[in-house]
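Chains as they are written, first to last, in this note's numbering: chain F, 1 to 164; chain B, 165 to 581.
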């Protein structure tokens, strides 16, 4: 038994330490998905999904996010994608903080990859000037855009939810 | 039993080694990314700044301001950007300095050579900040201790600072101020948008014997109801009395969220100067640019109205009472942004702006004598990758373009033909 312990313990230590190293490295990436040019098409592929773009530097965006937070509490299954346009890693703590507040089973969250704001804006919609908040619904493979704060009634109407 | 032990050892061995291999690979890949970023961009290297601001002194020296790791730095070039002086830190105590987009430090120099800097110090609460100010007297090599410009002592938003120095060496700072909005909220009253405040710092401010910490800068309120997230534009203009007065242009909120532009002499009533009727309950993130040519004020702006979208130009000869026909010079399909209009060192106009074609960003420039007719646009710079905004710098030896590319050596482009 002692022999078994002597032979096994270093290996278990090796196994545990490697798992700890891996998970600590992975956890820093897990919280926030970086949107790149390559995955724009995939994000905008699903029909009748609402894609909402926002930034920590946009006070009106937070009105929209507060409304969404309340709505998701009642309807956690809403098919919504949130994309933060903050392509500066210094802002990602604030982005993560906001994402942690939102609970939705079909909610997906992204942030613009580092220094890619211009390229991503163009890839999403070349006529989008960067105004925020900005939202899109994919309808018959076309991205239908809206600028400005979405109201709760707009989302209820889109997803055919009962009127408030 | 022995077989079981051997089998167990082998399994732990293999699993452990595989996991160790992947963990090391992951750690190395993350570390190498971080090393690439930090190794190049350590310290005060201007090349690594996200944004760089510049202005030209009356003597033709070009001053630059940027931030790195909670410090604000300045340096200068006497040879049009070929060589640069050693960076000097403005603040000795680190503070969170805004340096993204239009929220960036400003630097100006008076006729005597005194250097003034202002910047936004971010406070812990979201969207709250102070306007800070410091100066470097001629002959000295250390900046003054920074002082806070906004005199309200409120934890509120004070940002988008613009700064200018007059012919008589008076420094004026103009900024967006959230104090009125905050006060209205406390009273339970509605308040549309933000407010514009301003302050004048006279040359005597630098000479007083009062310690820097005790010096007060008096603030003046200008207007309420302006857009909360767009830059301001500021220029001196020849007054009808022959002196000079300061004109500010900004994106205002007219009626039901119509985000058009207003212009006014500081302290005087505003005039609406753009009419594209962009109705938006949001953050346009596009502010205007202005420049005076004697009594004529040249204006350029972005709008996304129902019938026209892109960049526009017009001038006014009477402080916005009437506006010239509008020139829609760049359409929204070009992804145009950030116009910069100047009256150049030769007295003629230059207008620069940025476009993006899906692969690379370009800076286009066109010229005019008085704004009635413009040359064709020509591309003066192109780049694939992240860039700062373009700024034209009027210079007596030929105008320059500042277009910074973070991570790359700072380059000034010659734009005079």
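Glycine is no exception: its CB is placed at the ideal position from the N, C-alpha and C atoms.
Residue range 59-74 is occupied by the alpha helix (DSSP H) that includes residue 67 of chain F. Counting C-beta pairs with one atom in each stretch, the segment 393-409 of chain B and the segment 367-376 of chain B have fewer than three that are closer than 8 Å, which means they do not touch. With distances taken between CA atoms, residue 386 of chain B lies nearest to B:432 out of B:225, B:432, B:231 and B:417. Residues of the segment 75-104 of chain F with a C-beta atom less than 7 Å from some C-beta of chain B are 88, listed in chain order. If you draw a straight line from the Cα of residue 63 of chain F to the Cα of residue 448 of chain B, it comes to about 16 Å. In this structure the segment 97-114 of chain F touches the segment 69-78 of chain F; the number of beta carbon pairs closer than 8 Å is three or more. Non-local C-beta neighbours of residue 241 of chain B in its own chain, meaning closer than 6 Å and more than five positions away in sequence, comprise 226 and 248, ordered along the chain. Nearest CB-CB separation between residue 482 of chain B and chain F: not below the 9 Å threshold. DSSP lists no beta-bridge partner residue for residue 92 of chain F. For the options B:501, B:426 and B:238, the alpha carbon positioned closest to that of residue 250 of chain B is the one of B:238. As computed with DSSP, residue 453 of chain B is found in a beta bridge with B:464. Burial check for residue 276 of chain B: the Cβ neighbour count within 10 Å stays below 16, so the residue is exposed.
For a Cβ distance threshold of 7 Å, nothing in chain F lies close to residue 357 of chain B: the least Cβ distance comes to about 10 Å.
Nearest in C-alpha terms to residue 506 of chain B, of all of B:569, B:534, B:255 and B:256, is B:534. Interface annotation for the segment 392-409 of chain B against chain F: 392 and 393, criterion Cβ-Cβ distance under 8 Å.
In this structure, residue 539 of chain B lies near residue 531 of chain B, with their beta-carbon atoms less than 9 Å apart. Per DSSP, residue 155 of chain F is one residue of the alpha helix (DSSP H) stretching across 152-158. At a C-beta separation below 9 Å, residue 57 of chain F has these neighbours in chain B: 264, 265, 267, 291, 393, 447 and 449. DSSP, read as helix, strand or coil, puts residue 213 of chain B in coil. In the three-state reduction of the DSSP assignment, residue 518 of chain B falls in the strand class. Where residue 144 of chain F is concerned, the enclosing beta strand (DSSP E) starts and stops at 142-147. Collapsing the DSSP output to three states places residue 497 of chain B in a helix. Interface residue (Cβ-Cβ distance to chain F less than 9 Å): residue 468 of chain B is classified as such. Chain F places no beta carbon closer than 9 Å to that of residue 354 of chain B, leaving this residue out of the contacts. Under the three-state reduction of DSSP, residue 553 of chain B is assigned to coil, being neither helix nor strand. The beta carbon of residue 289 of chain B lies closer than 8 Å to those of 319 in the same chain, with the five residues before and after it left out. Along the segment 114-138 of chain F, going in chain order, the ones with a CB nearer than 9 Å to a CB of chain B are 114, 115, 116, 117, 118, 119, 121, 122, 123, 126, 127, 128, 129, 130, 131, 132, 133 and 134.
The DSSP-derived three-state label of residue 536 of chain B is coil. Annotation for residue 426 of chain B: the continuous beta strand (DSSP E) segment containing it runs 425-429.
In the three-state scheme derived from DSSP, where H, G and I count as helix and E and B as strand, residue 119 of chain F is classed as helix.
Beyond the five residues adjoining it in sequence on each side, residue 334 of chain B comes within less than 8 Å, by CB distance, of 364, 365, 366 and 367 in the same chain, given in chain order. In the structure shown, the three-state DSSP call for residue 267 of chain B is strand.
Neighbours of residue 539 of chain B in chain F, taken as residues whose beta carbon is under 7 Å from its own, are absent, since the nearest beta carbon is some 25 Å off. Per DSSP, residue 49 of chain F lies in no beta strand (DSSP E) and is assigned neither H nor E.
Residue 284 of chain B is classed as buried because its beta carbon has at least 16 other beta carbons within 10 Å across all chains shown.
Minimum Cα-Cα distance from residue 434 of chain B among the listed residues B:421, B:413, B:422 and B:211 corresponds to B:413.
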